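Numbering (the working numbering), first residue to last: 6 to 188.
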């Protein structure tokens with residue numbers, strides 16, 4: 006009679022390792038955000054020194070998210086494009102109006118109102134993809150929505166900002182579009 010415990014199957018070991026990594030990431034990611042915010046607030050020159058590399062950082066994150074996906078992951082997105090359409094419409098219809106609504110409700114000064122409206126008009130960022138991945142949600146859907154919103158940003162972000170925030174401060178939609186394209 007053997008007293009050895011059978012070793013776990015490789016698949017369950019891999020799953021346990023992945024779950025442990027996800028738990029660590031779920032803890033570390035918010036902590037990193039708080040640390041970065043604190044550094045930006047208390048030591049602005051440090052954040053300013055990193056600013057030129059923002060596009061590179063975002064590209065690396067998107068590439069890493071892409072490495073977690075396979076073509077079959079996108080098959081469902083292709084077969085069911087309605088969730089992507091709903092997400093993109095919500096991004097450029099609901100979010101800007103919420104930004105305007107918050108600005109009006111809180112009676113923000115023009116500079117803050119324009120900032121809140123601009124945040125509402127900007128496409129979703131790569132953080133949503135990371136959070137989606139960590140939550141084991143539909144990362145392919147998130148990446149697809151982020152990609153399409155980003156491609157539409159040079160058109161919609163300046164126009165919506167001009168339309169919704171132009172009464173607060175002058176908005177140069179052309180320069181904004183050019184700046185978005187250069188990112």
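Idealized CB from N, CA, C, for every residue including glycine.
On a predicted model such as this, the values are computed, not experimentally measured, just so you know.
Item	Value
Starting from the C-beta of residue 185, find all residues in its chain whose C-beta is less than 7 Å away, skip the five residues before and the five after it, and write them out in chain order.	158, 159, 162
How about the stretch 55–75 and the stretch 87–104: do they share at least three Cβ pairs that are nearer than 8 Å?	no
Am I right that residue 147 and residue 137 are in contact with their C-beta atoms under 8 Å? What's the rounded C-beta distance?	4 Å
Going by the CB atoms, is the gap between residue 101 and residue 130 shorter than 9 Å?	no
With three or more beta-carbon pairs closer than 8 Å as the criterion, would you say the stretch 78–90 touches the stretch 45–63?	no
If we ignore side chains and look at the alpha-carbon of each, how far apart do residue 187 and residue 33 end up?	31 Å
From what residue to what residue does the alpha helix (DSSP H) around residue 187 run?	178–187
With burial defined as no fewer than 16 other Cβ atoms inside 10 Å of the residue's Cβ, what is the status of residue 5: buried or exposed?	Past the boundaries of the shown model lies residue 5; the chain is included only from 6 to 188, so the question cannot be answered.
For the alpha helix (DSSP H) containing residue 54, list its first residue and its last residue.	49–55
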